[in-house]
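Here's the structure we're looking at; comments come further down.
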Amino acid sequence: MTTSTSSQDEAHPPYTNGSLRSRPSVGDVLRLPRHEHLRLPPKDEAVKIVTSYFNGPNNALPLFHPGSFMQRFHRQYGREYINDPAWWAASNVVMALALRLHSVPGLAHEEQDKRAQQYLQNALTVVSDLTLYESSLLAIQALLGIVLLLQGIPDPRPGSVFLAAAIRLSNHLGMHRKGSPHDLDIFAATQRKRVFWIAALLDKDFSIRTEQPQMIDNDDVDIDLPEISPQDGLGYVYALDSFTKINYFRLRVELSIIQGKAYRNLYSARASKNDVDTQLLTVYELHQSLVDWKVGIDPRFWAENIATSVPKALMMQMIFLHLAYFHCLATVHRVTFQNRLWQLAVMVPPGPDGKLVPDDGEWCQSAETCEGAARSSVQLMAILPMEEHPCIWIMMSYCVSAMVILMARIIHKPTHVEAHSDLALIKPQLQLLYSLAERADDEGFERMRGICVELERKCEAALETTVKIPNSIASLEDRQSANIVLGTDTLGIHANEFQGYNFPPWDSPMTNLDLLNKENPLSSVQLDDWSGVFADNVQHALEMPGLETPFLDMGESFL
Numbered sequence: 001m002t003t004s005t006s007s008q009d010e011a012h013p014p015y016t017n018g019s020l021r022s023r024p025s026v027g028d029v030l031r032l033p034r035h036e037h038l039r040l041p042p043k044d045e046a047v048k049i050v051t052s053y054f055n056g057p058n059n060a061l062p063l064f065h066p067g068s069f070m071q072r073f074h075r076q077y078g079r080e081y082i083n084d085p086a087w088w089a090a091s092n093v094v095m096a097l098a099l100r101l102h103s104v105p106g107l108a109h110e111e112q113d114k115r116a117q118q119y120l121q122n123a124l125t126v127v128s129d130l131t132l133y134e135s136s137l138l139a140i141q142a143l144l145g146i147v148l149l150l151q152g153i154p155d156p157r158p159g160s161v162f163l164a165a166a167i168r169l170s171n172h173l174g175m176h177r178k179g180s181p182h183d184l185d186i187f188a189a190t191q192r193k194r195v196f197w198i199a200a201l202l203d204k205d206f207s208i209r210t211e212q213p214q215m216i217d218n219d220d221v222d223i224d225l226p227e228i229s230p231q232d233g234l235g236y237v238y239a240l241d242s243f244t245k246i247n248y249f250r251l252r253v254e255l256s257i258i259q260g261k262a263y264r265n266l267y268s269a270r271a272s273k274n275d276v277d278t279q280l281l282t283v284y285e286l287h288q289s290l291v292d293w294k295v296g297i298d299p300r301f302w303a304e305n306i307a308t309s310v311p312k313a314l315m316m317q318m319i320f321l322h323l324a325y326f327h328c329l330a331t332v333h334r335v336t337f338q339n340r341l342w343q344l345a346v347m348v349p350p351g352p353d354g355k356l357v358p359d360d361g362e363w364c365q366s367a368e369t370c371e372g373a374a375r376s377s378v379q380l381m382a383i384l385p386m387e388e389h390p391c392i393w394i395m396m397s398y399c400v401s402a403m404v405i406l407m408a409r410i411i412h413k414p415t416h417v418e419a420h421s422d423l424a425l426i427k428p429q430l431q432l433l434y435s436l437a438e439r440a441d442d443e444g445f446e447r448m449r450g451i452c453v454e455l456e457r458k459c460e461a462a463l464e465t466t467v468k469i470p471n472s473i474a475s476l477e478d479r480q481s482a483n484i485v486l487g488t489d490t491l492g493i494h495a496n497e498f499q500g501y502n503f504p505p506w507d508s509p510m511t512n513l514d515l516l517n518k519e520n521p522l523s524s525v526q527l528d529d530w531s532g533v534f535a536d537n538v539q540h541a542l543e544m545p546g547l548e549t550p551f552l553d554m555g556e557s558f559l
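Position 424 of the sequence shown, counting from 1, maps to 424 under the UniProt record's numbering, and the rest follow consecutively.
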């Protein structure tokens, strides 16, 4: 096995609001040097790296069983990869995940990133063996580990390809059906089930973010959900008091099931044929499912409390969980006003009497929900330590969707009570996006950066003519409206005032807007009548054809 020569990393300008570590480009990560490999570290150093993975990220998302893996690790470490490609890939993936997702004592962040990329490249050299010749649980685990690592690059498509391969192999092994092979002990059977559910949650999350069909059909799955109280303790996340805990893994799986239903019942080709009443009923049912999911979480792990109740090492996992939740909430409610209704409610100019059409007091409840979910998403990004964040691109896909919603609302009504604070909240994340876009060196990202710059400029111009209204004198109606959506004001400030997600009756606001939608089809909406408030390239952004599309596709749709 030869040692690859390391090239000098290109210098990147630092992120203005923190020491954001540079991330490899798609080309860097997916380069496959078939005859070159990074030599694995000495066994004692490798043990330290692997142990950090099992003491950290694997507890929340148990891709491997620690005992089984370590037994094989001590038995096979250092052997030539050609003898066992699945083990070669898995061992490199575990070390890469440890270095990317967890701080390893004695290694600087830059060194961790560099070595994680090299170990990932080691694993990628045997991908063809895993997908064409291997049919084992270990091969599936290695492929899913690669998917988790590729969440840290801008383009989500490569990860989806490896995910598809892992799912197809799992189908071949019958992991989606009850009746595991009789020669498996309880630990091996449990691990098979966990690996399948990790593949499933990645599939559902990718589907709802990109609005692409799911690869796993729930009708074909009959295995049980992960255990509520696992005997080995895997899947738990603990609060700072080391006593309060949640079953993070099961929560991720339960949320993914709702995500899957949201796509299938609202965004699939079949769902697009549903009438308005059926659509609204589906939105309500999915909303209630999300409410029930949220109620099942200990309050110390709610989004507004994690900054003070969760260890820093677990912050990324918890923020990701809540970003996925808020994103799903917005995606569910967006369907009631996307395209035509969004344009009617947001882009139609004020009437002769100065009132908005529809009346601003009847602002669609679903639109308010999207706005509140977007605000909470950006607030979560604000508490994330960016210099240690391993999956910055997938997080930013959530964040950009949220920022588009908030900036559109500011441009539409710069006098609303949260307008100034929303722009202040957005600005650091915009700067982060601009910095990342420069590093990505991609035409699609550059176009998206230009659109966000234009949206930001429009917001600032709109706010120049307004006077900032202190929250202390904001109208009770406005404050209640904000609390209706998320039950809280600013994250961490009014955490004890959370009152759940009990909306007003689902009759007048949404029904009125749906009636207006029928009476005023899209062709009747004159977008260029609004005195130039929206430039042509911004109008497509506000139509929101897919808030959760990946950056490259979203950049294309904005133009």
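Note that beta-carbon positions come from the ideal geometry of N, C-alpha and C, so glycine has one too.
What residue does the beta strand (DSSP E) around residue i start on, and which one ends it?
i, result
"isoleucine 246", "245-247"
Here's the rule I'm using: 16 or more other beta-carbon atoms within 10 Å means buried, otherwise exposed. How should residue i be labelled?
i, result
"alanine 424", "exposed"
"asparagine 55", "exposed"
"alanine 262", "buried"
"alanine 535", "Low confidence applies to alanine 535: its pLDDT is 31, below 50, so where it sits in the model is not reliable, and the reading given next is rough at best. Exposed, by the Cβ-count rule."
"arginine 168", "exposed"
"valine 485", "Any reading at valine 485 needs caution, since the residue's pLDDT is 33, under 50, leaving its predicted position unreliable; the model's value is listed next. That one is buried."
"lysine 273", "exposed"
"residue 560", "Residue 560 cannot be examined here, being either before or after the span of the chain that is shown, 1 to 559."
"alanine 462", "buried"
"asparagine 305", "buried"
"aspartate 113", "buried"
"asparagine 83", "exposed"
"valine 295", "exposed"
"glycine 67", "exposed"
"arginine 39", "exposed"
"leucine 455", "buried"
"glutamine 71", "exposed"
"glutamine 76", "exposed"
"glutamate 477", "Interpretation of glutamate 477 is limited by its pLDDT of 42, a score under 50 that renders its predicted location unreliable; the figure taken from the coordinates is listed afterwards. By the neighbour-count rule (16 or more Cβ atoms within 10 Å), glutamate 477 is not buried but exposed."
"lysine 204", "buried"
"histidine 65", "buried"
"proline 385", "exposed"
Work out the CA separation of residue j and residue i for me, nearest whole Å.
i, j, result
"serine 170", "leucine 202", "14 Å"
"isoleucine 246", "methionine 381", "22 Å"
"leucine 251", "glycine 260", "14 Å"
"glutamine 117", "methionine 95", "10 Å"
"lysine 48", "serine 256", "33 Å"
"serine 531", "serine 421", "Bear in mind that a pLDDT of 25 at serine 531, under 50, signals an unreliable position, so the number given afterwards is only what the model happens to contain. Between serine 531 and serine 421, the C-alpha separation is close to 26 Å."
"alanine 303", "methionine 318", "8 Å"
"methionine 448", "arginine 375", "20 Å"
"valine 404", "serine 377", "12 Å"
"histidine 322", "histidine 176", "27 Å"
"proline 230", "aspartate 185", "15 Å"
"glutamine 365", "glutamine 429", "26 Å"
"cysteine 399", "glutamate 227", "32 Å"
"leucine 280", "phenylalanine 73", "53 Å"
"alanine 142", "arginine 457", "45 Å"
"leucine 225", "phenylalanine 196", "10 Å"
"histidine 412", "tyrosine 325", "26 Å"
"methionine 103", "proline 57", "The sequence given here has serine at residue 103, not methionine. Their Cα atoms are separated by approximately 11 Å."
"valine 332", "glycine 174", "32 Å"
"serine 268", "leucine 432", "33 Å"
"glycine 233", "lysine 193", "15 Å"
"arginine 409", "isoleucine 451", "16 Å"
In the DSSP assignment, find the unbroken alpha helix (DSSP H) run with residue i in it and report its ends.
i, result
"residue 569", "Lying outside 1 to 559, the shown extent of the chain, residue 569 is not represented and no answer is given."
"aspartate 44", "43-54"
"alanine 374", "365-382"
"arginine 334", "315-334"
"serine 91", "85-101"
"glycine 67", "66-76"
"arginine 409", "392-412"
"threonine 308", "306-309"
"alanine 60", "57-60"
Practice prompt. Give, in chain order, every unbroken run of the alpha helix (DSSP H) that is at least 4 residues long and sits entirely within the region 193-275.
Written response: List check, alpha helix (DSSP H) in window: 248-262.
Fill in: Segment contact, 8 Å Cβ cut-off, at least three pairs: the region 135-154 with the region 208-216
Using a Cβ-Cβ distance cut-off of 8 Å, the region 135-154 and the region 208-216 are not in contact, since fewer than three pairs of beta carbons, one from each stretch, lie closer than that value.
Item to complete: Any chance you could list the alpha helix (DSSP H) runs of at least 4 consecutive residues sitting entirely within the region 124-175, in chain order?
Response: 127-132, 137-150, 157-172
Practice prompt. Go through the region 418-445 residue by residue and report every complete run of the alpha helix (DSSP H) that reaches 4 residues or more, in order.
Written response: 419-440
Worksheet item: For the 8 Å Cβ check, are there 3 or more pairs between the region 119-127 and the region 82-90?
Response: yes
Worksheet entry | Cβ pair count under 8 Å reaching 3, the region 285-292 against the region 235-246 | The answer is no - the region 235-246 does not touch the region 285-292, with fewer than three Cβ pairs under 8 Å.
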